[in-house]
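J.: One structure is given below, represented as structure tokens, and several questions about it will come after.
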Amino acid sequence: MSEEASAEKIEETSSEEMKEINPKEIMDFLKPRLGARHKMWLNICAHCGMCANTCHYYTANENDPKMIPAYKIRFLTEMLRKKGKIDREYLQKVYKTVYHECNMCRRCTLYCPFGIDIAMMISLLRGLLLSQGMAPTGLMKAVENYKAFGNQMAITKEDWLDTLEWCEEETAEELVGVKIPIDKKGAKMMYTVNAREPMFYPQDIMEVAKIFHVAGEDWTFPSETGWDDTNLAMFCGDVKTARMIVENTFKRADELEVKQVAITE
Amino acid sequence: MDFFAFVEGPLLWIAFFTFIIGSLVRAALFLFVSREKDKIIYQHFSWKYVLTTIGRWLLPLNKSVIKNPVFMILAYIFHFCLIVLPIWVYQHVIYWEISRFEWSWVSLPVGLADWMTLIFLAIALFFLVRRIVSPDIRLLSTFSDYFLLIVTTLPFLTGYFSAHGTLDGILFFKNNMQLLHILSGELMLILIPFTKLSHFILFFFSRSATAIEFGRRGYSM
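For the protein sequence lines, the chains are A and B, in the order given. Letter by letter, the first sequence follows residues 1194 to 1458 of the numbering used here. Letter by letter, the second sequence follows residues 1450 to 1670 of the numbering used here.
As structure tokens, then:
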């Protein structure tokens, strides 16, 4: 249900004012992140076209050759060849392709004779755009929130605990004895949610509490960051923040000594 | 030393060494760099993923064959002929026998070798036409795609001509076809490590790396 709202946000494009692109910045971003695999793939792609009809953007656009996955990563080759000497307009073209013509589903990789992971390279390009201040505003905002609050909706620890508290109270009116355990050490399962749930859909949390209560599950929420299981940083190639988000969840699971982590959505 | 002697002597050595050492360096470079930058391959390494994926794609037992059967089957035949012909065609076996190594192994029946060459050339022509005619592949194609297809085809074309004297009507070809054949073969060997033809060895690394990446998520490539 959160899909529509986030789709809206992704539609808007934000880009910093037309400031000059520094070739050195481009290369400094790409060089350390280009692995042996990227280099090999850019090298050996035989342009056989087997990926073409595996891409839903290709088929949905009446087999538009520009939608062939192997064609979409030409930007990476071009930027490396030009040693990062590109302009803002060029980056806009890259933006259009990596955000509007590929959703990194990786289906083309399944059909590629060499197993070339196009999505990984698209992700790298998204990361490059982010480093130049270009990403959908919704995503950029979310990434800032993750960095500051550990969740995409900028919910503070107080708000989070407060929400869980009144959720528990209200649910208990319907179903006597319902508990929403917080930081229960040694519980079997740590439950995580989309941060939109405490923000916009607390009824989801209440429903889940009822189900767990009736099913007799041994579960808990963590009070500290790590309870948001969305990872929007991943979608703009911000590997560092994406990693921090996942590590938070793992850290909480370790601290609470749970056996499982349940992830919604 | 005249040119022919140079081509069938020192240049042949250079070609073979460039091909072998260059390919090994390409492979070593991948292993070396990936150890630093693609640690995930080693953290999740499993022979199960690696052997399964290589088996499925060396043989036509994969998804792409079902999705694009015509192209894929032709590509398999193309590569089969490409590897088998130079090693087992009887004219080559004879040269190994009379060489300093005196190596000898079975050779293909002449008729079969001829047919394989013709099929190989026909498929190469199909690939070339497809590249030019298909709007998809034309957009994707770069200079090296055309160039390397021609480089790969030339040794087979000149090999067929020199075995059959097809162009002997033209004096230049009559005198030089064998020279052209050796030269074109050497050109291909020398280019392999430096171009996308290196996929003959990097195929294994690329497939393995991706199969590990997908395998650890429970998908068998």
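Glycine included, each C-beta is placed from N, C-alpha and C at the ideal position.
Give the residues of chain B in contact with ASP1310(A), contact being defined as C-beta atoms less than 8 Å apart.
T.: Here the neighbours are THR1659 and GLU1662.
J.: If you compare alpha carbons, which of PHE1529(B), SER1553(B) and ASP1617(B) is closest to LEU1570(B)?
T.: Answer by Cα proximity: PHE1529(B).
J.: Using a threshold of 7 Å, state whether the C-beta atoms of ILE1398(A) and CYS1360(A) are closer than that.
T.: A contact, by the Cβ cut-off of 7 Å.
J.: Would you kindly work out how many angstroms separate the C-alpha atoms of SER1553(B) and PHE1605(B), rounded to a whole number?
T.: Approximately 22 Å, taken between the alpha carbons.
J.: Write down the C-beta distance between LEU1594(B) and HIS1231(A) rounded to the nearest angstrom, noting that I regard them as a contact closer than 8 Å.
T.: The question names Leu, but residue 1594(B) is Asp in the sequence shown. In fact, because the Cβ distance is near 20 Å, the residues do not count as touching under 8 Å.
J.: Indicate whether at least one CB of chain A lies closer than 7 Å to the CB of LYS1645(B).
T.: Answer yes: the Cβ-Cβ gap between LYS1645(B) and chain A drops below 7 Å somewhere.
J.: So which residues of chain A does MET1670(B) contact, with C-beta pairs closer than 9 Å?
T.: Under the 9 Å cutoff, chain A gives THR1302, LEU1303 and GLY1308.
J.: Of all Cβ atoms in chain B, is any one closer than 7 Å to the Cβ of GLY1430(A)?
T.: No, its Cβ sits nowhere closer than 7 Å to a Cβ of chain B.
J.: Using DSSP with H/G/I as helix, E/B as strand and the rest coil, what is ILE1456(A)?
T.: In the structure shown, ILE1456(A) sits in a strand (DSSP, three-state: E or B).
J.: Taking PHE1652(B) as the query, report the chain A residues whose CB atoms sit under 8 Å from its CB, ordered along the chain.
T.: In chain order: ILE1237, PRO1306 and PHE1307.
J.: With 7 Å set as the bound, which would you pick, yes or no: does the beta-carbon of ALA1263(A) sit closer than that to a beta-carbon of chain B?
T.: It does: the Cβ of ALA1263(A) has a partner Cβ on chain B nearer than 7 Å.
J.: Leaving out the 5 sequence neighbours to the left and right, which residues in its chain are closer than 7 Å to THR1364(A) when beta-carbon positions are compared?
T.: Within the same chain, THR1364(A) has close Cβ partners VAL1371, MET1399, ALA1402 and LYS1403.
J.: Please list, in chain order, the chain B residues whose beta carbon lies closer than 7 Å to that of PRO1258(A).
T.: PRO1584, ASP1585 and LEU1588, listed in chain order.
J.: Between SER1513(B) and chain A, is there a C-beta pair that is closer than 7 Å?
T.: Judged by the 7 Å Cβ criterion, SER1513(B) is in contact with chain A.
J.: Taking 7 Å as the CB-CB limit, is GLY1320(A) close to chain B?
T.: Answer no: the Cβ-Cβ gap between GLY1320(A) and chain B never drops below 7 Å.
J.: Which one or two residues does DSSP pair with ASP1421(A) in a beta bridge?
T.: DSSP output for ASP1421(A) lists VAL1386(A) as bridge partner(s).
J.: Quick one: is LYS1497(B) near chain A, going by C-beta distance under 7 Å?
T.: By this cut-off, LYS1497(B) is not an interface position.
J.: When the Cα atoms are used, what is the spatial distance from GLY1320(A) to TYR1292(A)?
T.: C-alpha separation (whole angstroms): 11 Å.
J.: Could you tell me whether the Cβ of ILE1266(A) comes closer than 7 Å to any Cβ of chain B?
T.: No, its Cβ sits nowhere closer than 7 Å to a Cβ of chain B.
J.: Taking C-alpha atoms, which residue in THR1330(A), PRO1395(A) and LEU1318(A) lies nearest to LEU1354(A)?
T.: With distances taken between Cα atoms, LEU1354(A) lies closest to PRO1395(A).
J.: Are there 16 or more other CB atoms within 10 angstroms of the CB of TRP1496(B), so buried, or fewer, so exposed?
T.: TRP1496(B) should be labelled exposed.
J.: Answer with yes or no whether the minimum CB distance from VAL1253(A) to chain B is below 7 Å.
T.: Looking at the sequence shown, residue 1253(A) is not Val but Ala. So, not an interface residue.
J.: If you measure between the beta carbons of LYS1512(B) and LEU1323(A), is that distance less than 7 Å?
T.: Going by C-beta atoms, LYS1512(B) is not nearer than 7 Å to LEU1323(A).
J.: Apart from the five residues just before and just after MET1427(A), which ones in its own chain have a Cβ nearer than 7 Å to its Cβ?
T.: Cβ within range, chain order: ALA1435.
J.: Could you check if GLY1326(A) is buried or exposed, using at least 16 other CB atoms within 10 Å of its CB as the buried criterion?
T.: Under this definition GLY1326(A) is an exposed residue.
J.: So, is ARG1602(B) buried or exposed, given that buried needs 16 or more other C-beta atoms within 10 angstroms?
T.: The question names Arg, but residue 1602(B) is Thr in the sequence shown. The residue in question, THR1602(B), is buried, as its Cβ has 16 or more Cβ neighbours within 10 Å.
J.: Taking the runs of the alpha helix (DSSP H) that are 4 residues or longer, which of them lie wholly in the region 1552 to 1640 of chain B?
T.: As far as the region 1552 to 1640 of chain B is concerned, its whole alpha helix (DSSP H) runs of at least 4 residues are 1559 to 1582, 1584 to 1589, 1592 to 1613 and 1620 to 1640.
J.: Which chain B residues sit within Cβ distance under 7 Å of ALA1455(A)?
T.: By Cβ distance, chain B contributes nothing, its closest Cβ being about 18 Å from ALA1455(A), past 7 Å.
J.: Between ASN1624(B) and chain A, is the shortest Cβ-Cβ distance under 7 Å, so that the two count as touching?
T.: Output row for ASN1624(B): interface = no.
J.: Between MET1297(A) and chain B, is any beta-carbon pair separated by less than 7 Å?
T.: It does not; no Cβ of chain B falls within 7 Å.
J.: Please classify VAL1451(A): is it buried, with 16 or more other beta-carbons within 10 angstroms of its beta-carbon, or exposed?
T.: Its Cβ being crowded by 16 or more others within 10 Å, VAL1451(A) is buried.
J.: Against chain A, does LYS1486(B) count as a neighbour if the rule is that its beta carbon must be under 7 Å from one of theirs?
T.: Output row for LYS1486(B): interface = yes.
J.: Quick check: the Cα distance between ILE1311(A) and ALA1476(B), rounded to an integer number of angstroms?
T.: About 21 Å.
J.: Is the region 1584 to 1591 of chain B in contact with the region 1238 to 1257 of chain A, if contact means three or more CB pairs nearer than 8 Å?
T.: Touching, yes, given that three or more Cβ pairs across the two stretches are closer than 8 Å.
J.: Going by beta carbon distance, what residues of the same chain come within less than 8 Å of LYS1217(A), once the five residues before and after it are set aside?
T.: Once the five neighbours on either side are set aside, the close Cβ partners of LYS1217(A) are GLY1277.
J.: Let me see if you follow: with CB-CB separation under 7 Å, is HIS1528(B) close to chain A or not?
T.: HIS1528(B) does not count as touching chain A.
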